[in-house]
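J.: Here's a structure for you.
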Amino acid sequence: DSGVTQTPKHLITATGQRVTLRCSPRSGDLSVYWYQQSLDQGLQFLIQYYNGEERAKGNILERFSAQQFPDLHSELNLSSLELGDSALYFCASSVARSGALHEQYFGPGTRLTVT
Amino acid sequence: SQQGEEDPQALSIQEGENATMNCSYKTSINNLQWYRQNSGRGLVHLILIRSNEREKHSGRLRVTLDTSKKSSSLLITASRAADTASYFCATDGRGSTLGRLYFGRGTQLTVWP
Numbered sequence: 018d019s020g021v022t023q024t025p026k027h028l029i030t031a032t033g034q035r036v037t038l039r040c041s042p043r044s045g046d047l048s049v050y051w052y053q054q055s056l057d058q059g060l061q062f063l064i065q066y067y068n069g070e071e072r073a074k075g076n077i078l079e080r081f082s083a084q085q086f087p088d089l090h091s092e093l094n095l096s097s098l099e100l101g102d103s104a105l106y107f108c109a110s111s112v113a114r115s116g117a118l119h120e121q122y123f124g125p126g127t128r129l130t131v132t
Numbered sequence: 865s866q867q868g869e870e871d872p873q874a875l876s877i878q879e880g881e882n883a884t885m886n887c888s889y890k891t892s893i894n895n896l897q898w899y900r901q902n903s904g905r906g907l908v909h910l911i912l913i914r915s916n917e918r919e920k921h922s923g924r925l926r927v928t929l930d931t932s933k934k935s936s937s938l939l940i941t942a943s944r945a946a947d948t949a950s951y952f953c954a955t956d957g958r959g960s961t962l963g964r965l966y967f968g969r970g971t972q973l974t975v976w977p
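The following block contains the structure:
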């Protein structure tokens with residue numbers, strides 16, 4: 018158990034809908050990262066927050082947004098969903114502002130299926 | 865792309881044998897990490913090696929790093945059926961946006977009992 022929790026585990030929804038994925042980092046970790054894992058794209062970095070502020074942005078679509086709250090949990094919002102958004106979405110956390118200098122701890126993921 | 869690329873894509877061995885996976889990357893790095901993922905589960909951090917290190921050990925794991933060749937290898941000795949998983953290397957890309965990791969496509973390791 019990494020100490021990172023994600024809800025829900027599975028999500029099935031229709032095209033055009035909007036969903037919110039939630040992540041609670043390990044106790045004491047200030048950085049939260051979101052990744053998308055799909056068969057065709059592999060594991061892609063989406064966005065990082067550090068202590069409530071956006072720190073780094075990756076291949077995140079404009080239809081997607083995220084935020085980190087004062088209690089450090091984070092939410093990833095996916096809107097106008099398309100079939101191609103079906104993937105595993107992982108949240109990870111680390112202590113450092115620059116997560117690349119320290120290991121990242123991954124949650125179990127949310128499997129999103131868009132029908 | 866700065867992504868690491870693992871080789872081979874898939875590896876199948878018997879219990880007790882050693883498994884070697886390789887990773888190549890394109891840009892200079894601060895460090896390189898190896899992660900493991902059981903099917904459909906989250907990634908588990910295995911080991912981190914800094915750019916000024918050449919070799920690192922952790923239990924049955926041995927990681928080497930050759931920054932001149934921009935490559936790394938992960939050796940699992942005396943493999944067990946429980947080692948069956950996908951293994952990913954991840955780099956940070958020195959000079960790039962800090963905080964993000966670049967992952968390869970992974971090596972699928974199957975260890976037969």
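The listed protein sequences derive, respectively, from chains D and S. Position in the first sequence counted from 1, then plus 17, gives you this note's numbering. Position in the second sequence counted from 1, then plus 864, gives you this note's numbering. Idealized CB from N, CA, C, for every residue including glycine.
D:Gln84 versus chain S: which residues are under 8 Å apart at the beta carbon?
T.: In chain order: nothing, as chain S lies at least about 16 Å away.
J.: Mind listing which residues of the segment 18-29 of chain D have their C-beta closer than 7 Å to chain S's C-betas, in chain order?
T.: Listed by position, the residues of the segment 18-29 of chain D near chain S (Cβ gap below 7 Å) are Ser19.
J.: Tell me whether S:Arg964 is buried or exposed, calling it buried when 16 or more other Cβ atoms sit within 10 Å of its Cβ.
T.: Under this definition S:Arg964 is a buried residue.
J.: Would you say D:Gln53 faces chain S, with C-beta separation under 8 Å as the test?
T.: Output row for D:Gln53: interface = no.
J.: Counting beta carbon pairs with one atom in the segment 42-54 of chain D and one in the segment 921-941 of chain S, are three or more of them shorter than 8 Å?
T.: At 8 Å Cβ cutoff, the stretches do not touch.
J.: What does the Cβ neighbour count give for D:Asp18, buried or exposed, with the cut at 16 atoms within 10 Å?
T.: D:Asp18 is exposed by the Cβ-count criterion.
J.: Do the segment 865-882 of chain S and the segment 897-907 of chain S touch if we need at least three Cβ pairs shorter than 8 Å?
T.: In short, these stretches do not touch, since the Cβ pair count stays below three.
J.: Can you tell me the Cα-Cα spacing of S:Leu910 and S:Ala946, whole angstroms?
T.: Distance between the alpha carbons of S:Leu910 and S:Ala946: 14 Å.
J.: Is there a C-beta anywhere in chain D that falls below 8 Å from the one on S:Gly906?
T.: Judged by the 8 Å Cβ criterion, S:Gly906 is in contact with chain D.
J.: Compare the C-alpha of S:Leu912 against each of S:Leu929, S:Arg924, S:Ser903 and name the closest.
T.: Closest option to S:Leu912, Cα to Cα, is S:Leu929.
J.: Look up D:Ile101 in the DSSP assignment and say whether it is helix, strand or coil.
T.: According to the sequence shown, residue 101 of chain D is Gly rather than Ile. Looking at D:Gly101 - three-state DSSP - the assignment turns out to be helix.
J.: Cβ of S:Gln897 less than 8 Å from any chain D Cβ?
T.: Closer than 8 Å to some Cβ of chain D, the Cβ of S:Gln897 qualifies, so yes.
J.: Let me know the secondary structure DSSP gives S:Asp947 once reduced to three states.
T.: S:Asp947: helix per DSSP, three-state reduction.
J.: Please confirm whether D:Tyr106 has its beta-carbon closer than 8 Å to some beta-carbon of chain S.
T.: It does not: the Cβ of D:Tyr106 has no partner Cβ on chain S nearer than 8 Å.
J.: Let me see if you follow: with CB-CB separation under 8 Å, is D:Gln65 close to chain S or not?
T.: Yes, its Cβ sits closer than 8 Å to a Cβ of chain S.
J.: Tell whether a beta-carbon distance below 8 Å holds between S:Thr971 and S:Tyr951.
T.: The answer is yes: Cβ separation under 8 Å.
J.: Enumerated in chain order, which unbroken segments of the beta strand (DSSP E) with a length of 3 residues or greater are wholly contained in the segment 36-71 of chain D?
T.: Runs of the beta strand (DSSP E) inside the segment 36-71 of chain D: 36-41, 48-55, 59-67.
J.: Just verifying my parser: in three-state terms, what is the DSSP assignment at S:Arg900?
T.: Looking at S:Arg900 - three-state DSSP - the assignment turns out to be strand.
J.: Could you pull out every residue in the same chain whose Cβ sits closer than 7 Å to the Cβ of S:Ile940, ignoring the five residues on either side in sequence?
T.: Same-chain partners within the cutoff: Asn882, Ala883, Arg924, Leu925, Asp947.
J.: Where do the ends of the beta strand (DSSP E) carrying S:Asn882 lie?
T.: Counting along the chain, S:Asn882 falls outside any beta strand (DSSP E), and DSSP gives it neither H nor E.
J.: Going straight from the alpha carbon of D:His90 to that of D:Arg72, what length do you get?
T.: Looking at the two C-alpha atoms, the distance is approximately 15 Å.
J.: What are the boundary residues of the beta strand (DSSP E) that S:Leu930 is part of?
T.: In the sequence as presented, Leu is not what sits at residue 930 of chain S; that position holds Asp. First-last of the beta strand (DSSP E) with S:Asp930: 925-930.
J.: Measure the C-alpha to C-alpha separation of S:Gly904 and D:Gly124 and round it to an integer number of angstroms.
T.: If you take the alpha carbons of S:Gly904 and D:Gly124, they lie about 12 Å apart.
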